[in-house]
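Sequential numbering from 232 applies to the sequence shown in the working numbering.
A virtual CB, placed ideally from N, CA and C, is assigned to each residue, including glycine.
Model, not experiment: these values are computed from the prediction.
Contents: one structure, followed by commentary.
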Amino acid sequence: MPPNSLINAANASDAGGVAGRRGQKHQDHVAASFVIDMLSDPSMLQIECETADDVTIRWIIDDVAINEYVQVKTTDGDTKWSVKELTDRDKNRPGTSIAERSLNCDAHDEAPLFRLVTVREPRGNLAHFKIPRSNRADSADSMALATAPFLKKYPGFKSKNQRTLADWARCLLWQVEHSMDKLADRNKLELLKLAGRDGERPNFSEVEASYSALLSMVIDAGDASRVSEPAKKCIPRATAVRWWNQQIEVFAAETRRILKVYRVKTNEFFSAFHLKAEPSINRSLSAYDVEYDGGEWRYSELTDYLIDWIPEVALSPEILSTFDHLTAQTILPRAIAECASHGQLTSQTLLSELMLHAILRHHHKSEPIACKIFHMNAGTLAFSSAHVILDEDGDQLWLGQTQISKAADRDGLPSAIASALETAVDKDVLKRERKLILQLRHPQHLSDHNLGRSMAAHGKIDDLLSVLHVPILIAYDSAVLSTGFTADYIDHLRDEADEMYEAVKTGVSSEFRDFRIHIFLVPVECIDTLTRMFNDALRHNR
């Protein structure tokens, strides 16, 4: 339970207090710095504004209750603080010097500490009071020099608890804050560090708003009436912590709102074993190997890897932004359920879509701009994915298709691809695709990219075609892999990939020569086996 304020109710008065403290901004920033310290220091129980002193820090250290009385001095001048300036009395009246007024705060049961916060530096030996109290055991001689001028000063003046100016000096800490702006900036930096320890990374404007709220709390405490609302002049640690937890919730909500969900670093799985670019005819080949391990083709590893990508393929960025990573176990069942709820999506189709998604994300650093695998275009899934690839020569829109090819289907593959392309690149279909993408995209969760007029709702199709790339992933039963591992299997896979690429290229080249088409090949040891293991894994993760 926090302590009661140090206001003496019998003598409480607002004279020279509430009305007089308006404009004391330096003091407010000092008090705010103590509240920030209190957030991470449980030995600080409470910060009080304008009770026993300008600011009072209530401590409990080694089971000892302590009051630290803080005076904030912002007097003008170019000279450093001197002993004379600290001890000069007003018209020689006892108790009117700065040091005496500070000592006079020692009127309570708790052990006292004293602190001066000034904009000017202390002179000569007074500078030793800047040594942190925890380091003074190694600085006894220096502290003796700093304390010496107060040993015999006004010996007849004592606090209510019979302490002298020598006692005051031994308990004094001197803190110099040259600039209110620099103190405010340091306070904001400390809030940023605290947020980081709580796992949040607020931006500049969020920290500014948080610090403004903290200042308001401090100002309200200073302005509260000593007579009618003394409790409001106190900021207990529990109040400060509760306020900070609310700030963390605000930071987290804003982070989720604008989180760039696709900046998560992805792990490599597929290894590229054959790349061929033919820019003169707008064609390219990329072939990816799942690899062997101990002579066994990596079915299980591939299945686990692809399942980790299901949340990104099946869930919107708004949902993904509330989780730390795309493999978050808490959303995987939800993502799988989303897949299962769409009857038109077969497990083999999902397999191939996950492969294309993973390759584009890892090998091309793409960002999906639409969760569109479940969204038909006039009853047809013309393009099953939409990604942006950031490029220094101009950002690109990649609209993808996938094919699963079993050994018996190989001869019909080129015509199947040509038919799918013919449907997809119709002008009306492309217009509907653009409209669908604009409806589904979540720009607040994407990196800044510039696709120009291509993404304008009523833009020209020519503008869309200028940034359009069509990746076509083909996962196929490989004759090479079906015979098992051999030391030179990669060489044979390259020959097989060239053969498939030439067949596909021949089937689509004449009709679609103006479209940039990228063929992605993923040879599989056995499509049926992979499908069965994938289905088993889906059931296990539901």
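Which class does residue i belong to by DSSP, given the choice of helix, strand or coil?
i    : result
V755 : strand
V350 : coil
R252 : Residue placement at R252 is flagged as unreliable, the pLDDT there being 45, under the threshold of 50; a coordinate-derived value is accordingly withheld.
A609 : Interpretation of A609 is limited by its pLDDT of 49, a score under 50 that renders its predicted location unreliable; the figure taken from the coordinates is listed afterwards. In the structure shown, A609 sits in coil (DSSP, three-state: anything other than H, G, I, E or B).
R763 : helix
S636 : strand
H680 : coil
I362 : coil
Q393 : coil
F504 : strand
I238 : coil
E527 : strand
L287 : The amino acid at residue 287 is misidentified as Leu; the sequence shows Thr. Note: T287 maps to strand in three-state DSSP.
R188 : Because the chain in this structure spans residues 232 to 773, residue 188 falls outside the shown range and cannot be described.
A484 : helix
Assign residue i to buried or exposed, taking buried as 16 or more other Cβ atoms, counted over all protein chains shown, within 10 Å of its Cβ.
i    : result
S636 : buried
Q477 : exposed
V295 : exposed
N298 : buried
G453 : buried
N366 : exposed
I748 : buried
N323 : exposed
E569 : buried
G387 : exposed
R346 : buried
G643 : exposed
H689 : exposed
P510 : exposed
S685 : buried
R672 : buried
K464 : buried
F743 : buried
G631 : buried
I238 : buried
Rounded to a whole number of angstroms, what is the C-alpha to C-alpha distance between residue i and residue j?
i    : j    : result
Y385 : E352 : 24 angstroms
E408 : V348 : 7 angstroms
V544 : L667 : 16 angstroms
E532 : E522 : 10 angstroms
I450 : A263 : 9 angstroms
T717 : F501 : 19 angstroms
G683 : L446 : 44 angstroms
I705 : A426 : 46 angstroms
S740 : A508 : 14 angstroms
H359 : S328 : 21 angstroms
L537 : I567 : 12 angstroms
P325 : P433 : 51 angstroms
N625 : H680 : Looking at the sequence shown, residue 625 is not Asn but Gly. Those two C-alpha atoms are separated by around 9 angstroms.
I541 : L585 : 7 angstroms
E331 : E341 : 18 angstroms
P674 : L546 : 15 angstroms
R253 : P564 : Interpretation of R253 is limited by its pLDDT of 41, a score under 50 that renders its predicted location unreliable; the figure taken from the coordinates is listed afterwards. Their backbone Cα atoms lie some 58 angstroms apart in a straight line.
A283 : S459 : 16 angstroms
V755 : L761 : 8 angstroms
S236 : V438 : 30 angstroms
R665 : E653 : 17 angstroms
K424 : E279 : 24 angstroms
E499 : L414 : 46 angstroms
H257 : R494 : 41 angstroms
A400 : L334 : 9 angstroms
E281 : K304 : 14 angstroms
D429 : S678 : 25 angstroms
So what does residue i bridge to, in DSSP terms?
i    : result
Q406 : V348
A655 : The partner list for A655 (beta bridge, DSSP) is empty, contrary to what the question assumes.
C465 : E279
H207 : The structure shown does not extend to residue 207, since the chain spans only 232 to 773, so no value can be given for it.
Y519 : A503
Q627 : I620
N298 : R289 and P343
Y707 : S636 and P754
Determine, using beta carbons only, whether residue i comes closer than 8 angstroms to chain D.
i    : result
I758 : Of the protein chains in this structure there is only one, and it is not chain D.
So, does the region 442-461 touch the region 383-398, judging by three or more C-beta pairs under 8 angstroms? Output reads no: the region 383-398 does not touch the region 442-461.
contact_flag[the region 704-719, the region 520-536] where n(CB pairs < 8 angstroms) is 3 or more: At 8 angstroms Cβ cutoff, the stretches touch.
Count the C-beta pairs between the region 726-742 and the region 642-662 that are closer than 8 angstroms, then say yes if the count reaches three, no if not. These segments touch.
Assess, as a yes-or-no matter, whether the region 613-621 is touched by the region 594-601 under the definition of 3 or more beta carbon pairs within less than 8 angstroms. Touching, per the Cβ criterion.
Counting pairs of Cβ atoms below 8 angstroms between the region 308-316 and the region 264-280, do you hit three or more? The region 264-280 and the region 308-316 do not touch, with fewer than three beta-carbon pairs separated by less than 8 angstroms.
Three or more C-beta pairs under 8 angstroms: does that hold for the region 412-419 against the region 462-480? No, the region 412-419 is not in contact with the region 462-480.
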